[in-house]
Every structure is written in structure tokens, then in C-alpha cells.
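Residue numbers (my numbering): 2 to 217.
Note sheet for the following structure.
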């Protein structure tokens, strides 16, 4: 009888512990980084930056802002982070999914920011990184679009939106620019995607802002 009681007690404790484990909520990320291949590479090159700081990387190569908006609920709202870091827009200017206006790009970014703020998630909007040309596009395309100028115009719009809508703006463009609209040669091989070490520049700029917003 005593042996049966011990067995029942052990079983009860086991199932209570199992139930608690199943009902335990996942750790809320301090930040979700949403973006394209630049964010994807960031996660791949510097995994410790994400894991040690309780950050989640949600970058998908080649994506434009409309595609990020489509997955925003699942990849950002569903994780309930303290902060979302949005680094987006260069592939729109490269017209990866066809021509879009600067206003359309900004509307997509604003929609993501609005969704986040509605769900009590603080927003960091990052400048698009400098790029004078897109190597996967033709010379004629680059001459007509002038990516360096187009990016600066978009960054002005992002900065202004952040100022007027309770978002933080982090300027990656200035310290990474060669002064002619492109990225410094030592920071990138193709003029668009940063080398692994170049991400240290970005981390030094964005990390203090995340910590401040999360009250750390």
C-alpha cells in the first residue's frame, strides 16, 4: 500500500511538472530584427550578438518592404518583443519586385511601425545602408535609378517619420558612407552587403537604443 502511495505521488508530481513546462511561456525577446539579406547575414555572421542579448533575427534575402509587411504579424507581433528593429528599403529601390515609389516604400514601413506601436512594441527605424549601385542590376538601371541618391531621399523620409511618430531613428548611413552615396570600400565587397566586421559599427549604434527602450 505504501509503495502504491509513493508511486501515485511520484506520478502526480511528474504530470504537474510536465503541465507547468508545457504552459510555460517562451522568453520574450528584447528585440526582433526585421529585414532582408543584410539582416539575415547579420544573424549568420554574429550569432552571439543575437543569442547573448536575447535578440531574434528575422531577415530574408531579397525581400522588399511589402513582403516584410505580409509576415510582420507572424515574425514580429507573434513574438511580442520589447522592440522591433526595422532595416528595410534597399531592395525596393533595386526594384526586386518591380517599380515602387518612395511613398509606397514609406507607407509599408509606416504600416509596420503602426502595427508594432498598436501592440505596445517600441520601434527602431534604421537608415538604409549606402549603395551607389546594385551589381545584380544592369548599368543602365543604375544610371537611371541612381541608388545613392534614391537611398538618401528614402532615409530623409524614414528619419522624418520617426521624428513625428514616436519612433527611434538609427543612422547607419553616415558612418558607413564614402561621402559619394556609396558604402566605404573596406566595409563591403559588393557595395551593398556589409563584411562581417562592418556589423560591429551597426551594433555599437543600435544596442544602446534597444537597452534604453527596454529599460536596461
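Just so it is clear, CB atoms sit at the ideal spot from N, CA and C, and this is done for glycine as well.
query                                                                                                                                                              : result
Cβ atoms of residue 91 and residue 124: under 8 Å apart, would you say?                                                                                            : no
Could you tell me the boundaries of the alpha helix (DSSP H) in which residue 152 lies?                                                                            : 148-165
Inspect the CB distances between the region 27-39 and the region 64-73 and report whether three or more fall short of 8 Å.                                         : yes
Take residue 156 and list the residues in its own chain whose beta-carbon comes closer than 7 Å to its own, dropping the five residues that flank it on each side. : 128, 129, 174
State the DSSP-derived secondary structure class of residue 81, mapped to helix, strand or coil.                                                                   : coil
Per DSSP, residue 50 forms a beta bridge with which residues?                                                                                                      : Answer by DSSP bridge pairing: none, since residue 50 is not bridged.
I think residue 171 touches residue 132, with their Cβ atoms under 8 Å apart; what is that distance to the nearest whole Å?                                        : In fact, because the Cβ distance is near 17 Å, the residues do not count as touching under 8 Å.
Between 118, 60, 88, which lies nearest to residue 81 when the distance is taken from Cα to Cα?                                                                    : 118
Hey, is the region 70-85 in contact with the region 109-116, meaning 3+ C-beta pairs nearer than 8 Å?                                                              : yes
Pick helix, strand or coil for residue 184, following the three-state DSSP scheme.                                                                                 : strand
Thinking residue 78 and residue 53 are a contact (beta carbons under 8 Å), I'd like their distance in whole angstroms, please.                                     : Going by Cβ atoms, the distance from residue 78 to residue 53 rounds to 24 Å, so no, they are not a contact pair.
With a threshold of 8 Å between beta carbons, is residue 202 in contact with chain D?                                                                              : In summary, chain D is missing from the structure at hand, where a single protein chain is found.
Quick check on residue 128: does DSSP put it in helix, strand or coil?                                                                                             : coil
Less than 8 Å between the C-beta atoms of residue 181 and residue 149, yes or no?                                                                                  : yes
Since residue 211 and residue 28 should fall inside the 8 Å C-beta cutoff, what is the C-beta to C-beta distance between them, to a whole number of angstroms?     : In fact, because the Cβ distance is near 16 Å, the residues do not count as touching under 8 Å.
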